[in-house]
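Encoded as structure tokens, the structure appears first; notes follow it.
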Amino acid sequence: MAEEIFVDNPDKALTVTDSTLDEAIAKYPFIVVDCWAEWCGPCKMLGPIIENLAKKHQGSIVFAKLDVDSSPQTATTYGIRSIPNLLVFKDGKKVGDIIGAMPEDKLMERINAFK
Amino acid sequence: MYDIIIIGSGPAGLTAGIYASRANMKTLMIASSFSPSLITTTDLVENYPGFPDGISGFEIIERFTQQAIKFGMETAEADVTAVSPTSPDGPSLWKVDAGGKTYEASALIIATGTQYAHLHVPGEDEFTGRGVSYCATCDGPFYRGMNVVVVGGGDTAVQEALFLTRFADTVTIVHRRDRLRATGILRDRAAANAKIRFEFNSVVEEITGDTAVTGVVIRDVDCPEKKKTLNAQGVFIFTGNIPNTAFLGSLVECDDAGYIRVDENMRTSTQGIFACGDCTAKLLRQVVTACGDGATAAFAAEHYINDLKGTSYGEWNRSQ
Numbered sequence: 001m002a003e004e005i006f007v008d009n010p011d012k013a014l015t016v017t018d019s020t021l022d023e024a025i026a027k028y029p030f031i032v033v034d035c036w037a038e039w040c041g042p043c044k045m046l047g048p049i050i051e052n053l054a055k056k057h058q059g060s061i062v063f064a065k066l067d068v069d070s071s072p073q074t075a076t077t078y079g080i081r082s083i084p085n086l087l088v089f090k091d092g093k094k095v096g097d098i099i100g101a102m103p104e105d106k107l108m109e110r111i112n113a114f115k
Numbered sequence: 001m002y003d004i005i006i007i008g009s010g011p012a013g014l015t016a017g018i019y020a021s022r023a024n025m026k027t028l029m030i031a032s033s034f035s036p037s038l039i040t041t042t043d044l045v046e047n048y049p050g051f052p053d054g055i056s057g058f059e060i061i062e063r064f065t066q067q068a069i070k071f072g073m074e075t076a077e078a079d080v081t082a083v084s085p086t087s088p089d090g091p092s093l094w095k096v097d098a099g100g101k102t103y104e105a106s107a108l109i110i111a112t113g114t115q116y117a118h119l120h121v122p123g124e125d126e127f128t129g130r131g132v133s134y135c136a137t138c139d140g141p142f143y144r145g146m147n148v149v150v151v152g153g154g155d156t157a158v159q160e161a162l163f164l165t166r167f168a169d170t171v172t173i174v175h176r177r178d179r180l181r182a183t184g185i186l187r188d189r190a191a192a193n194a195k196i197r198f199e200f201n202s203v204v205e206e207i208t209g210d211t212a213v214t215g216v217v218i219r220d221v222d223c224p225e226k227k228k229t230l231n232a233q234g235v236f237i238f239t240g241n242i243p244n245t246a247f248l249g250s251l252v253e254c255d256d257a258g259y260i261r262v263d264e265n266m267r268t269s270t271q272g273i274f275a276c277g278d279c280t281a282k283l284l285r286q287v288v289t290a291c292g293d294g295a296t297a298a299f300a301a302e303h304y305i306n307d308l309k310g311t312s313y314g315e316w317n318r319s320q
């Protein structure tokens, strides 16, 4: 898979991997990384919501997706024990995580608490 | 205005949807997007006829859904907040509030299933998602080379314990009884699996850890002072279920545990409301029994509606 080029104001969820996550965290001041996998049912429910939010919040919050199967190192680095797991990074540092699928409004409430 | 509104989107509700739609009933399924059927978290269903190699719970639901939609069933994604009769006198129509909208139907089929019971022990809520899990298929792969504990002794607990042996070094089943309740073939597989250990006559007292789970304190059910700490990075809890029926209030009669009482035609104590699947009081809660219930509920609801409309066909009568 060709690696994603990190544009300035993405209007969709980016794809990040073990090797590009750090670059994305460094580039975007506020980024939410959805750690997911094909075998995870709740992840599939969250997927479309993340896409939707990426479009809605273009210019203020960047959303990205990381497949924990092809990028296992990130799960180890951040001690992920359950997915879906949204890692929230602000100014290059992890400021929190949100575990489990939830409706869009509830999810935004949790994300905004880290802003 | 619908003929039938089905609340819940598991095997029971979807089968009811297939039967109702094929009977030309105008049918709506209201599905909660964030409390999906528990079967979707089961990695392998191998006792549903027709799939000799087993099928994942997620795929079963996808197939059932396709089938129901193919026959015309409509769907809405929302959580139901209230169910009430449209007029106080006669329950000829039902009103369902969900996601800020109100839907009406002549008959309701409740197929809301159950959710996993919690242990209510210290550490459980604190470490949920950080070692405490209710879904082995979602979280199992994060426990490669680790030690995990499975709490419970029924089919789900043992099936998931077996699944977890693919990843974990050891899987310890903690069960309050002196033997497993799970079906014979699962018991045999668990006994034969070198990674699985058992702590019988034991209950979890506390889940301990720092940023994530590091151990599970268990105690003997007969002598509570006999305790030990199991070294574990994960705890998977499968100790039973709670029916999703609280939203109905006192609308239909339930047993003490909250399961809806139905007759052999899936009729509840309230005319026009039918129930099927795991949320009903019954002996065996399986995909195959849920499907059977769902078909019966849809058929009974169809006849109830035809009776209301005065177009009943055949021997059916409401007081039967």
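Going down the list, the sequences are from chains A and B. Just so it is clear: in the first sequence, position 68 is 68 by my numbering, and no numbers are missing. Just so it is clear: in the second sequence, position 263 is 263 by my numbering, and no numbers are missing. By construction, the Cβ of each residue, glycine as well, lies at the ideal position given by its N, Cα and C atoms.
Counting contacts by CB-CB distance shorter than 8 Å, is residue i in contact with chain B?
{"i": "G79(A)", "result": "yes"}
{"i": "I111(A)", "result": "no"}
{"i": "I25(A)", "result": "no"}
{"i": "S71(A)", "result": "no"}
{"i": "I5(A)", "result": "no"}
{"i": "P10(A)", "result": "no"}
{"i": "I50(A)", "result": "no"}
{"i": "P29(A)", "result": "no"}
{"i": "I99(A)", "result": "yes"}
{"i": "M108(A)", "result": "no"}
{"i": "C40(A)", "result": "yes"}
{"i": "S82(A)", "result": "yes"}
{"i": "D18(A)", "result": "no"}
Looking at residue j and residue i, is the spacing between their C-beta atoms short of 8 Å?
{"i": "L164(B)", "j": "F236(B)", "result": "yes"}
{"i": "G129(B)", "j": "I111(A)", "result": "no"}
{"i": "V33(A)", "j": "V7(A)", "result": "no"}
{"i": "N147(B)", "j": "T170(B)", "result": "yes"}
{"i": "M266(B)", "j": "D222(B)", "result": "no"}
{"i": "L26(A)", "j": "G92(A)", "result": "Contrary to the premise, residue 26(A) reads as Ala rather than Leu in this sequence. Taking 8 Å as the Cβ cut-off, A26(A) and G92(A) qualify as a contacting pair."}
{"i": "I39(B)", "j": "I60(B)", "result": "yes"}
{"i": "M73(B)", "j": "S21(B)", "result": "yes"}
{"i": "F200(B)", "j": "R166(B)", "result": "no"}
{"i": "V80(B)", "j": "F247(B)", "result": "yes"}
{"i": "A117(B)", "j": "T239(B)", "result": "yes"}
{"i": "T214(B)", "j": "R197(B)", "result": "no"}
Should residue i be labelled buried (16 or more other beta-carbon atoms within 10 Å of its own) or exposed?
{"i": "S70(A)", "result": "exposed"}
{"i": "P49(B)", "result": "exposed"}
{"i": "I305(B)", "result": "buried"}
{"i": "S56(B)", "result": "buried"}
{"i": "L283(B)", "result": "exposed"}
{"i": "K65(A)", "result": "buried"}
{"i": "D11(A)", "result": "exposed"}
{"i": "T211(B)", "result": "exposed"}
{"i": "M1(B)", "result": "exposed"}
{"i": "N24(B)", "result": "exposed"}
{"i": "E46(B)", "result": "exposed"}
{"i": "I321(B)", "result": "Only positions 1 to 320 of chain B appear in the structure, and residue 321(B) is not among them; the question remains open."}
{"i": "A16(B)", "result": "buried"}
Return the residue from the list the options that minimises the CA-CA distance to residue i.
{"i": "F299(B)", "options": "G10(B), K101(B) and T27(B)", "result": "T27(B)"}
{"i": "G121(A)", "options": "G234(B), P243(B), Y103(B) and H303(B)", "result": "Nothing about residue 121(A) can be read from this structure; chain A reaches only from 1 to 115."}
{"i": "I185(B)", "options": "V149(B), R267(B), E104(B) and V158(B)", "result": "V158(B)"}
{"i": "N241(B)", "options": "K226(B), K227(B), V217(B) and A257(B)", "result": "A257(B)"}
{"i": "R181(B)", "options": "T156(B), S202(B) and T170(B)", "result": "T156(B)"}
{"i": "M45(A)", "options": "N85(A), F114(A) and V95(A)", "result": "N85(A)"}
{"i": "E264(B)", "options": "T296(B), N244(B) and S32(B)", "result": "T296(B)"}
{"i": "E77(B)", "options": "S87(B), G8(B), Y134(B) and L44(B)", "result": "G8(B)"}
{"i": "E160(B)", "options": "G310(B), S21(B) and T42(B)", "result": "T42(B)"}
{"i": "A290(B)", "options": "L14(B), M1(B) and I5(B)", "result": "L14(B)"}
{"i": "R81(A)", "options": "E23(A), A13(A), I25(A) and W36(A)", "result": "W36(A)"}
{"i": "E205(B)", "options": "V45(B), I5(B), C254(B) and K228(B)", "result": "K228(B)"}
{"i": "A101(A)", "options": "S33(B), K70(B), I18(B) and P122(B)", "result": "S33(B)"}
{"i": "W94(B)", "options": "F274(B), A194(B) and T183(B)", "result": "F274(B)"}
{"i": "L87(A)", "options": "S19(A), K56(A), V62(A) and G41(A)", "result": "V62(A)"}
{"i": "D22(A)", "options": "C43(A), K94(A) and E38(A)", "result": "K94(A)"}
In chain D, which residues lie with their C-beta within 7 Å of the C-beta of residue i?
{"i": "A75(A)", "result": "Included in the structure are the protein chains A and B, with no chain D among them."}
Measure from the C-beta of residue i to each C-beta in chain A and report whether the shortest distance is under 8 Å.
{"i": "S319(B)", "result": "Interpretation of S319(B) is limited by its pLDDT of 48, a score under 50 that renders its predicted location unreliable; no figure is taken from the coordinates."}
{"i": "R166(B)", "result": "no"}
{"i": "G234(B)", "result": "yes"}
{"i": "F198(B)", "result": "no"}
{"i": "F247(B)", "result": "no"}
{"i": "F58(B)", "result": "yes"}
**OP:** Scan the stretch 260-285 of chain B for residues whose Cβ lies nearer than 9 Å to a Cβ of chain A and list them as they occur along the chain.
**Re:** none
**OP:** Could you run through the stretch 210-232 of chain B and flag, in chain order, every residue whose CB is less than 9 Å away from some CB of chain A?
**Re:** T211, A212 and V213
Subject >> Selection of the stretch 122-152 of chain B by Cβ proximity to chain A, strictly under 8 Å >> reply: T128, G129, R130, G131, S133, C135, T137, C138, D139, P141, F142 and Y143
**OP:** Pull out every residue of the stretch 29-50 of chain B whose Cβ sits closer than 9 Å to any Cβ of chain A, in chain order.
**Re:** S33, F34, P36, T40, T41 and D43
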